[in-house]
Every structure is written in C-alpha cells, then in structure tokens.
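Numbering (UniProt numbering), first residue to last: 1 to 132.
Structure follows, in structure tokens:
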C-alpha cells in the first residue's frame with residue numbers, strides 16, 4: 001500500500017513544475033508537511049497551468065492520482081479525494097474555470113471519487129462515499 005510519505009514523490013514525478021512550490025512549502029513550515037495545505041497549493045498550481053495552456057503534466061498526474069486511489073492506504077485515499085480533487089473543484093470553480101476540464105484525466109476510481117464529491121456538494125449524498 002502507498003503510504004503518506006510516498007504521496008509527494010509520486011505527485012512530483014508526475015508534475016515536476018510543482019517542485020519549486022513544494023520546496024517553498026518545506027522552507028515555510030521548516031520541513032513539516034501540511035498535506036492538505038500542499039494539496040490546495042497543487043490545485044492552485046494546476047489552475048495556473050490550465051490557464052496558461054501548459055497542462056502537459058495532467059495526464060501523468062491523472063495516472064498518479066488513480067494510483068493513489070487504488071494502491072493508497074485509507075489516509076492516502078482520503079487525502080487525494082478531500083485534499084486534491086476537492087481542492088481542484090473548489091479552486092477552479094471559485095475562479096470561474098470549470099473543474100470538469102480536469103475530469104478526463106482521471107482514471108475510474110478517481111472519477112468515482114470526483115462524482116462522490118459532486119453528489120455530496122449538490123446535496124444528493126450525506127457523505128463523500130466512493131461507491132465502486
């Protein structure tokens with residue numbers, strides 16, 4: 001199972017342009033990793049890439065996200081769903097960019113999590129339960 005300490009290496013391998021922001025996070029928090037803050041920072045970075053037409057890493061990132069959903073322990077699965085996918089939906093949506101533009105890059109398990117988030121926020125579900 002993929003564990004907490006393996007998350008960032010996988011995401012950075014998929015999206016190397018995030019490395020300077022990751023390093024800045026580590027400096028700012030003196031080496032402490034605040035994972036949910038990092039996921040929000042990554043969501044903002046992906047928005048900037050989308051807006052500048054530099055979305056080349058999105059396919060590899062979608063593969064990494066799927067791997068985290070499929071192979072990750074429960075903590076990792078929750079982080080990638082609530083931290084990253086929900087971050088993308090909120091950050092992109094709150095800036096007028098349709099977050100659905102990111103969905104095609106997601107694998108089947110990640111799409112289930114994406115839709116579970118949508119169901120929760122639309123009031124169709126009381127929890128973010130990923131059904132598979």
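Here a beta-carbon is modelled for each residue, glycine too, at the ideal position from N, C-alpha and C.
From the options, residue whose alpha carbon lies closest to that of residue i
i          : options         : result
residue 5  : 91, 85, 73      : 73
residue 44 : 3, 124, 96, 68  : 96
residue 15 : 36, 59, 81      : 59
residue 89 : 24, 68, 77, 111 : 111
DSSP state of residue i mapped onto helix, strand, coil
i           : result
residue 96  : coil
residue 62  : helix
residue 123 : coil
residue 40  : helix
residue 53  : coil
residue 72  : strand
Where residue i falls, given that 16 or more other Cβ within 10 Å makes a residue buried
i           : result
residue 86  : buried
residue 29  : exposed
residue 13  : exposed
residue 10  : buried
residue 99  : buried
residue 113 : buried
residue 70  : exposed
For residue j and residue i, believed in contact at Cβ under 8 Å, the rounded distance
i          : j          : result
residue 33 : residue 79 : Going by Cβ atoms, the distance from residue 33 to residue 79 rounds to 11 Å, so no, they are not a contact pair.
Does the segment 107-121 come into contact with the segment 41-57, if we say contact requires no fewer than three beta-carbon pairs (one atom in each stretch) closer than 8 Å? Cβ pair count under 8 Å is below three, so no.
So does the segment 60-74 actually touch the segment 99-112, counting three or more Cβ pairs closer than 8 Å? yes
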